[in-house]
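What follows is a single structure, written as structure tokens, with notes after it.
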Amino acid sequence: MLCRWDQAAGKGNELNVWGPKLTEEITQKVIGVGGAFESDWQARVNHPYSQQVFVNRGGTLPRIPPAPKATDVGVGEVASGKGWTVTSAEAIHVQPYLDSLAYRVDTPEGSVVFTGDTEPCDSVKELARDADMMVCMCWDEQSVMEGNNEHRGQCGTTGAAQMAQEAGVKQLVLVHMGPTLSKDTPFDRHYEEMSPMYDGKIIFSEELMRIEV
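So for the sequence shown, our numbering puts the first residue at 5; every next one is plus one.
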């Protein structure tokens, strides 16, 4: 949030932030008045050196402090615009300490579901029903996670594949992979394990990868 505000030099629209319960509170505590980064943005707004850099980037004084619009949301429609809609469903992760949501973006070009951190669950499966793509967390190989008791609140390889199959998703993109799974390239044995239970396309994501819906 701070980087976007700083680099936009007053030319960008104010950032809208949607998230589960506590999003408004966390945003305020991070970047609002009295928040963790107030001293930083106060310097950028008020110090002559920072003001000069702001002007050199094309900004016009006085500089306006960051004011992202944060909104706590629950299950259902989150936001919509011309040709797009974002809806959400409960994801199962670390409740009751924090709520977690999965999100679905529907556009004329296709539909994408972002599971966030979650274990396989009916609510995310229904959100992803017949989606063109599901971007799903995949921490590690399923058998490893079950062996070290890390399978609760998270998806592993076959858990993600089974959820994608039951939802009728066309492409499964695996993200948020832990250090062990990330190093196990080229993932051949994981494809072999997952393919019998999911008949769509499986993609193990990499940094800077671009994927067509």
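Idealized CB from N, CA, C, for every residue including glycine. Nothing here was measured: the structure is a model prediction, and the numbers come from that model.
- Going by beta carbons, residue 95 and residue 122 fall inside the 8 angstroms limit.
- By alpha-carbon distance to residue 112, the top candidate from 132, 97, 89 is 89.
- Looking only at 87, 166, 57, 24, the smallest Cα-Cα distance to residue 100 is reached by 24.
- For residue 175, the three-state secondary structure derived from DSSP is strand.
- CA-CA distance, residue 5 to residue 40, rounds to 13 angstroms.
- Take residue 158, set aside five residues on each side of it, and the residues of its chain with a beta-carbon closer than 8 angstroms to its own are 97, 121, 122, 123, 141, 143, 149, in chain order.
- By the Cβ-count criterion, residue 26 is exposed, with fewer than 16 other Cβ atoms from all chains shown falling within 10 Å of its own Cβ.
- One thing to note: residue 107 has its Cβ within 8 angstroms of the Cβ of residue 82.
- DSSP places residue 197 in no beta strand (DSSP E) but in the uninterrupted alpha helix (DSSP H) bounded by 192 to 198.
- According to the DSSP assignment, residue 205 belongs to no alpha helix (DSSP H) but to the beta strand (DSSP E) extending over 205 to 208.
- Between residue 71 and residue 130, the C-beta spacing is not below 8 angstroms.
- In the DSSP assignment, residue 74 forms a beta bridge with 21.
- Residue environment analysis places residue 68 among the exposed positions, since fewer than 16 neighbouring C-beta atoms fall within 10 angstroms of its C-beta.
- Rounded to the nearest angstrom, the gap between the Cα atoms of residue 186 and residue 43 is 38 angstroms.
- Taking C-beta separations shorter than 7 angstroms and ignoring five residues to either side along the sequence, the partners of residue 182 in its chain run 143, 144, following chain order.
- Contact annotation: residue 165 and residue 198 have beta-carbon atoms nearer than 8 angstroms.
- For residue 92, the number of other beta carbons within 10 angstroms of its own is at least 16, and it is reported as buried.
- If you draw a straight line from the Cα of residue 15 to the Cα of residue 162, it comes to about 45 angstroms.
- A distance below 7 angstroms between beta-carbons, with the five flanking residues on each side excluded, links residue 61 to the following residues of its chain, in chain order: 13.
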